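Residues 1 to 175 (UniProt numbering) make up the sequence shown, in order.
First comes the structure, then the notes that go with it.
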Amino acid sequence: MSKKYYWIKLKESFFSDLRIKKLRKLAGGDTFTIIFQKIMLLSLSTNGVIVYQGIESNLSKELALIMDEDEDNVQLTLSYLKQTNILIEEDENNYNIPLISELTGTETDWAKKKREYRKRQNEDNVLTMSDKRREEIELEREKYAKLNQILLDKQITKDKKREKVLNQYIGESTC
1 MSKKYYWIKL
11 KESFFSDLRI
21 KKLRKLAGGD
31 TFTIIFQKIM
41 LLSLSTNGVI
51 VYQGIESNLS
61 KELALIMDED
71 EDNVQLTLSY
81 LKQTNILIEE
91 DENNYNIPLI
101 SELTGTETDW
111 AKKKREYRKR
121 QNEDNVLTMS
131 DKRREEIELE
141 REKYAKLNQI
151 LLDKQITKDK
161 KREKVLNQYI
171 GESTC
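The structure is reproduced here in structure tokens:
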């Protein structure tokens with residue numbers, strides 16, 4: 001069975017979001033922000049849903065156990081996330097982070113290999129030319145085109161002279 005990879009795409013504005021700014025300004029806010037990101041990672045495969053399994057007496061203790069974080073820090077983070085509607089309690093066992101669905105990407109192991117294979121197939125092994133090099137090539141083409149035209153004109157002139165001489169010779173010999 002192939003593996004499935006998930007990832008979170010943090011928006012450029014993640015740290016400038018007022019809710020995250022406020023979280024970071026709290027005492028221990030950087031730790032809370034990391035805990036929030038760990039919670040997001042835990043909920044990737046379930047599209048933002050965190051399921052309380054009842055292993056511990058409450059969700060914060062269970063998440064602290066899963067994430068190897070301090071229970072108090074997890075509790076404060078969860079309280080803040082609920083207060084700011086980043087985390088929504090659907091029922092006593094399910095919590096949802098609606099933001100996750102728009103930040104999540106997924107790919108199977110096979111899709112990753114196929115994408116990498118296509119990328120290798122499309123790679124051009126020839127060095128790309130700079131615009132300056134293209135201009136030089138274009139100038140060379142123009143130069144050779146002019147030279148060819150000059151040579152062609154000279155050949156046409158020679159041919160006309162030969163034809164004229166031939167016509168004169170033919171004309172004198174028939175007389």
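Using N, Cα and C, we set each Cβ at its ideal position, and we do this for glycine too.
Here the structure is a predicted model, which is why all the values come from computation and not from measurement.
Would residue i pass as a contact of residue j if the rule is Cβ separation under 8 Å?
i	j	result
L81	F36	yes
K112	Y5	yes
T84	I8	no
I100	L23	no
S2	T108	yes
Taking its Cβ as the centre, do 16 or more other Cβ atoms sit within 10 Å of residue i, making it buried, or is it exposed?
i	result
A64	buried
L59	buried
L166	exposed
E69	buried
G54	exposed
L50	First, the residue type needs correcting, since residue 50 is Ile and not Leu in the sequence shown. Under this definition I50 is a buried residue.
I156	exposed
I86	buried
G48	buried
L152	exposed
L78	buried
With distances taken from CA atoms, which of the options is nearest residue i?
i	options	result
L42	E12, N96 and E123	N96
A27	R120, D72, R162 and N122	D72
I34	E92, G48, V51 and F15	F15
K61	I39, R133 and I86	I39
M67	Y144, F32, Q149 and E92	F32
Y52	N94, K21 and I88	N94
V74	D30, E142, I150 and R134	D30
For the beta strand (DSSP E) containing residue i, list its first residue and its last residue.
i	result
Y117	Note, Y117: premise wrong, no beta strand (DSSP E); alpha helix (DSSP H) at D109 to N122.
I8	K4 to I8
I50	V49 to V51
Which residue comes first and which comes last in the alpha helix (DSSP H) that contains residue i?
i	result
N73	E71 to Q83
I35	G29 to L42
S60	L59 to M67
I20	L18 to K25
Could you pull the DSSP bridge partners for residue i from this structure?
i	result
Y95	I50 and E89
T104	I8
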